[in-house]
Amino acid sequence: MEFIKKHYEKVLLGVVLLGLAAGAVFLILMIPAERAAQLELVDTIIKKPGKQLPPLDLGKQAALIGHAAGADCLDLASTNKVFNPLQWQRMTDGSLKKIVFGNEVGVGAVVVSKITPLYTIITLDSATMTADGSARYLIGVEREAAAKVSQRGKKQAGATLNAKTETFVIREVKGSPDNPTELVLEMNDTGDRLPLSKEKPIRRVDGYMADFNYPPELSKKWKDQRVGAGAPGMLPITIAGESYIVVAINKNEVVLSARSNNKKTPRPYSPAP
-7 MEFIKKHYEK
3 VLLGVVLLGL
13 AAGAVFLILM
23 IPAERAAQLE
33 LVDTIIKKPG
43 KQLPPLDLGK
53 QAALIGHAAG
63 ADCLDLASTN
73 KVFNPLQWQR
83 MTDGSLKKIV
93 FGNEVGVGAV
103 VVSKITPLYT
113 IITLDSATMT
123 ADGSARYLIG
133 VEREAAAKVS
143 QRGKKQAGAT
153 LNAKTETFVI
163 REVKGSPDNP
173 TELVLEMNDT
183 GDRLPLSKEK
193 PIRRVDGYMA
203 DFNYPPELSK
213 KWKDQRVGAG
223 APGMLPITIA
233 GESYIVVAIN
243 KNEVVLSARS
253 NNKKTPRPYS
263 PAP
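Per the working numbering, the sequence shown starts with residue -7, numbered consecutively.
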């Protein structure tokens, strides 16, 4: 007893150390069991196969989408023009015209109703023999596309082999010189060689003239218009207050040029059905 009283601190320390050692041993022994318990939890909870969900019923949503796709579309632009109202223009007769596409009035509304080709026509009118024994041919030339009216009528001129005239050169005579079956003419402007006989004259397209009108003003119609029509000094071509000149015509279209700014507008040939 006396021993304990003298050394109780050491005894108490030894008991504490013994308890700590026992606790340490107990922890070491618990680790495998705890690890096994954790693994079991993983297998039973985390790795547990989930229950398969039933398939989603999207019938209601599909029906709504189908209804939306088939719903009527309210068009407030192309026809009703709620946000972009159409322009209305007053015509010379006092009526109002709705402008939908922009070409209902102005040069874009011009309708080309007829395009006629203009020919250069060359005919073999006669063949005679001169006193020196050479052949001379009377050939007629008609230029429908000439700029001046005085130059459009038929004009006859004599021509001999290889002698250059205003329009052509006779390069070859086939058959009898005083009654040839065919002459071969070389054209001065193009260099083309063309056959000519009494039965078959040369007809070459050298231009066009056109008829066109302006439907918004029924009184405005132009017939037999050629390139240059509407130029200063000629009868004016006035469309929607703007003056125009015919600057080109081919078999498919007429090109009008505004005198104010030289802006060119082609109008297609639209023959009546």
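Beta carbons: idealized from backbone N, C-alpha and C, even for Gly.
Nearest to residue i (by Cα), restricted to the options the options
i	options	result
Glu245	Thr108, Arg27, Gln30 and Asn95	Thr108
Pro258	Ser252, Glu136 and Asn95	Asn95
Ser105	Pro207, Met22 and Pro169	Pro207
Lys190	Ala25, Ala54, Ser249 and Leu116	Leu116
Glu234	Gln44, Arg27, Ser249 and Ala264	Ser249
Arg170	Ile194, Arg128 and Arg195	Here the sequence assigns Asp to residue 170, which means Arg is not the residue at that position. Measuring from the Cα of Asp170, the nearest candidate turns out to be Arg128.
Ala264	Lys43, Thr36, Asn205 and Lys52	Asn205
Ser118	Gln143, Ile37 and Leu130	Leu130
Val180	Glu32, Thr159, Arg218 and Ala28	Correcting the residue identity first, residue 180 is Asn in this sequence and not Val. Cα-wise, what sits closest to Asn180 is Thr159.
Asp216	Ala155, Pro193, Val141 and Arg195	Val141
Pro224	Ser252, Leu12 and Lys2	Ser252
Lys255	Lys43, Tyr261 and Val238	Val238
Val219	Glu174, Ile229 and Lys52	Ile229
Glu134	Pro193, Ala155 and Leu153	Pro193
Ile114	Gln44, Arg196 and Leu56	Arg196
Thr112	Leu88, Thr122, Ala139 and Ser87	Ala139
Gly86	Val247, Glu209, Ala240 and Pro260	Glu209
Val247	Thr182, Gly100 and Leu21	Gly100
Other residues of its chain near residue i: CB distance less than 6 angstroms, five sequence neighbours each side excluded
i	result
Val161	Glu178
Val17	none
Ala232	Val97 and Gly98
Thr120	Arg128
Ala137	Leu110, Asp198 and Gly199
Gly167	Thr173
Ala155	none
Close Cβ partners of residue i (< 7 angstroms) along its chain, the five nearest in sequence each way excluded
i	result
Val176	Arg163, Glu164, Arg185 and Pro187
Asn242	Tyr200
Thr157	Ala149 and Ala151
Thr122	Arg128
Thr182	none
Cβ shell of residue i (< 8 angstroms), same chain only, five flanking positions each side left out
i	result
Ile91	Leu78, Gln79, Trp80, Gln81 and Val97
Ala221	Trp214, Leu227, Ile229, Ile237 and Val238
Gln44	none
Pro260	Val104, Asn244 and Glu245
CB-CB length for residue i against residue j, believed under 8 angstroms
i	j	result
Gly132	Lys146	5 angstroms
Val103	Ser211	Incorrect: roughly 14 angstroms between the Cβ atoms, too far for contact.
Paired residues, beta bridge with residue i - DSSP
i	result
Val165	Leu175
Arg135	Thr112
Gln81	Lys89
Asn205	Val103 and Lys213
Gly199	Leu110
Arg259	Val246
Gly150	Leu130
Leu186	Leu177
Glu234	Ile231
Ala240	Val247
Lys156	Val161
Ile194	Ile114
Thr122	Thr122 is not bridged to any residue.
With three or more beta-carbon pairs closer than 8 angstroms as the criterion, would you say the region 51 to 64 touches the region 194 to 213?
no
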